[in-house]
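Here is the structure we will look at, set down as structure tokens.
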Amino acid sequence: MASTTTRVLRLLSLLQDRSATGRELAERLGVAERTLRQDIQRLRELGYPVHATRGAVGGYRLGQGAKMPPLLLDDDEAVAVALAVGLAEDGSTGIADIDASLTRALAKLQQILPKRLQHKVTALRSATAVGPATVGSREPDAPVPAETLTVVAGAIRDGATLLVTHADAETEVEPYRLISWRRRWFLVAYDLGTHTWRALPVAGLTGVRSASRRFAARSLPDDDLVAFVLREVAKTGWKVQARVTVLAPAETVIARINPAVGIVEAVDSHTSVLFTGADALETIAIYLSMLMMDFRVDGPPELVAHIRTLARRYTEALDA
Numbered sequence: 001m002a003s004t005t006t007r008v009l010r011l012l013s014l015l016q017d018r019s020a021t022g023r024e025l026a027e028r029l030g031v032a033e034r035t036l037r038q039d040i041q042r043l044r045e046l047g048y049p050v051h052a053t054r055g056a057v058g059g060y061r062l063g064q065g066a067k068m069p070p071l072l073l074d075d076d077e078a079v080a081v082a083l084a085v086g087l088a089e090d091g092s093t094g095i096a097d098i099d100a101s102l103t104r105a106l107a108k109l110q111q112i113l114p115k116r117l118q119h120k121v122t123a124l125r126s127a128t129a130v131g132p133a134t135v136g137s138r139e140p141d142a143p144v145p146a147e148t149l150t151v152v153a154g155a156i157r158d159g160a161t162l163l164v165t166h167a168d169a170e171t172e173v174e175p176y177r178l179i180s181w182r183r184r185w186f187l188v189a190y191d192l193g194t195h196t197w198r199a200l201p202v203a204g205l206t207g208v209r210s211a212s213r214r215f216a217a218r219s220l221p222d223d224d225l226v227a228f229v230l231r232e233v234a235k236t237g238w239k240v241q242a243r244v245t246v247l248a249p250a251e252t253v254i255a256r257i258n259p260a261v262g263i264v265e266a267v268d269s270h271t272s273v274l275f276t277g278a279d280a281l282e283t284i285a286i287y288l289s290m291l292m293m294d295f296r297v298d299g300p301p302e303l304v305a306h307i308r309t310l311a312r313r314y315t316e317a318l319d320a
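Numbering (the UniProt record's numbering), first residue to last: 1 to 320.
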């Protein structure tokens, strides 16, 4: 029989997963139901609100208490919480007085993480930068398996090349940084096939595996790799690309837009060009309406037609 402390911790883990009958819990723990009841009482004395219900579907479940007792997390849960808290600490939460709490929570979790999990969390955090928050319509999420991020972060930490499959073609890349932006992940890497720097959307990689070949770090394409990713995304990273002439100086437009919206180039002292993109025409139209400047859509034609439809609807709404 396991020691009392070990058994009680095991019981707590079982109760955190779901409710269960006394017989089920006793069988899982390999003890008599009387011993189970004693262990339930020990948990209650420690501050865990274990509720009991009678009847055919009765049993034990962990409820809400008046204070916060310790939690038991499995390996994947611990890594997920540590990474999520770390990303929130690195980024801007927009919530007053929360940064200190995040730092304390992360410190407590890292202190008790086993070495094997600490290495995983450290690799993911050190390999990741967080992009700026944006205002307006958010693009659809592009979730990435945790294992993929772990492989990429490990290669960045070790300075080892990766074999990545993108658009049904496999290429070897030197990975440098993971960028988390708007619930999407991008990999800043040097493509050894095309000899170019790329911002690869990790969700679009159908295969990622370590090539285990060490490389010497190159000069980066930009001191700010988040800015590099935002520029690459604005140029090529969206389903819909747009070119817009804005009747205002480039510095005025740059001061107005979020850097995630697009790239601005000067035409002359009174005119500039905005290159932008999104996964939907509607999102680009929202961006343009927020400029609060006169503009002309150079393309694509579908965006021109969409804005004409919006103009008609707005006009009819005023004439009604």
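Virtual Cβ for every residue (Gly too), placed ideally from N, Cα, C.
With distances taken Cα to Cα, identify the nearest neighbour of residue i among the options.
i	options	result
E251	L291, T309, A266 and A146	A266
V208	R34, G59, G154 and R61	G154
V121	L15, E147, V244 and S101	E147
L200	L192, V229, R213 and R214	V229
L43	E27, T6 and A305	T6
G47	L62, E33 and R218	L62
A20	T35, V50 and R34	V50
V79	L149, A142 and L29	L149
D192	G277, R296 and F215	Correcting the residue type first, residue 192 is Leu in the shown sequence and not Asp. Ranking G277, R296 and F215 by Cα distance to L192 puts F215 first.
G59	R177, R23 and I156	R23
Q241	A217, T276 and P249	T276
R213	A84, R157, T4 and F295	R157
A105	Q118, V85 and L117	V85
R198	L178, V144 and S210	L178
A278	Q41, Q38, R54 and R182	R182
L225	T245, S3 and S180	S180
I254	Q118, S272, W238 and A280	S272
F186	T103, W238, T53 and D39	W238
I307	T283, L318 and I40	T283
K235	R54, L274, A317 and E45	L274
How many Å lie between residue i and residue j at the Cα?
i	j	result
E174	P301	38 Å
G262	L163	30 Å
Y190	T309	43 Å
L124	T165	21 Å
A248	H270	5 Å
E27	L113	30 Å
G94	A32	Only weak support exists for where G94 lies, its pLDDT of 45 falling under 50; the value from the coordinates is given anyway. About 52 Å.
A217	L29	53 Å
L303	A127	37 Å
A107	Q118	12 Å
L288	L281	11 Å
V264	G299	15 Å
R296	T171	40 Å
V244	I257	13 Å
H195	T103	40 Å
R34	D74	28 Å
A52	R313	60 Å
T315	A227	38 Å
Assuming residue i contacts residue j under a Cβ cut-off of 8 Å, what Cβ separation, rounded to an integer in Å, is found between them?
i	j	result
V233	V152	With a Cβ gap of about 18 Å, V233 and V152 do not count as contacting.
L25	L11	7 Å
V246	M290	Not a contact, Cβ separation roughly 12 Å.
A285	A211	That belief does not hold up - the Cβ atoms of A285 and A211 are roughly 43 Å apart, past 8 Å.
R184	A142	5 Å
A129	Q110	Not a contact, Cβ separation roughly 19 Å.
L205	Y176	Actually they do not touch by this definition, with Cβ atoms about 15 Å apart.
Of all the beta strand (DSSP E) runs that stay within the bounds of the stretch 267 to 320, which reach a length of 3 or more residues? 272 to 278 and 295 to 299
My parser needs the beta strand (DSSP E) runs of 3 or more residues fully inside the stretch 118 to 174; what are they? 128 to 130 and 160 to 166
Would you list, in sequence order, the uninterrupted alpha helix (DSSP H) runs of no fewer than 4 residues that lie entirely inside the stretch 4 to 33? 4 to 17 and 22 to 29
Which runs of the alpha helix (DSSP H), 4 residues or longer, sit entirely within the stretch 217 to 256? 225 to 236 and 250 to 256
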